[in-house]
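Visitor:
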Amino acid sequence: MAKVRAHVYVEGRVQGVFYRQNTRRQAQSRGVYGWVKNLDDGRVEVVFEGEEEAVKAVVEFCRVGPKGASVSGVTVNWEPYQGEFQGFSIAY
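Plus 32 on top of the position in the sequence shown (first one is 1) and you've got my numbering.
1) Bridge partners for Phe80 per DSSP, in chain order?
2) Let me know the secondary structure DSSP gives Phe120 once reduced to three states.
3) Reducing DSSP to helix, strand and coil, say where Val46 ends up.
4) Once you ignore the five residues that flank Glu43 on each side, which residues in its own chain have a CB closer than 6 Å to its CB?
5) Just to confirm, is the Cβ distance from Phe80 to Val40 under 8 Å?
6) Tell me which same chain residues have a C-beta within less than 8 Å of the C-beta of Gln60, skipping the five on either side of it?
7) The beta strand (DSSP E) that contains Gly105, what's its start and end?
Below you can see the structure in the form of structure tokens.
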């Protein structure tokens, strides 16, 4: 299976609702690497790398988010796989 990279921006009520923690949990449970962070404009930015099916599943989670989140938009940019991560972290 192919390895892919997705650079994702999530809009809506996605800060202060444990969005980053739940995204990390979803990624780790699927063996997906990368990072997630809050942006000053209220969005969340995420970079995922891993097996295509696993990355697509985590991107789908981003479209809904955890309980308490209200996602109004998701932008996904598919980029060439780089293999630069060794785990999944919350960036600050």
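In this text, a Cβ means the ideal position worked out from N, Cα and C, and glycines have one as well.
These figures come from a predicted structure and were not determined experimentally.
Guide: The short version:
1) DSSP output for Phe80 lists Ala38, Gly66 as bridge partner(s).
2) DSSP places Phe120 in strand when its eight states are reduced to three.
3) Three-state result, Val46: coil.
4) Annotation for Glu43: Arg75, Ser104, Gly105 place their beta carbon closer than 6 Å to its own, counting only its chain and skipping 5 residues before and after.
5) In contact: Phe80 and Val40 (Cβ atoms closer than 8 Å).
6) Within the same chain, Gln60 has close Cβ partners Gly119, Phe120.
7) Judged by DSSP secondary structure, Gly105 falls within the beta strand (DSSP E) whose first and last residues are 102-111.
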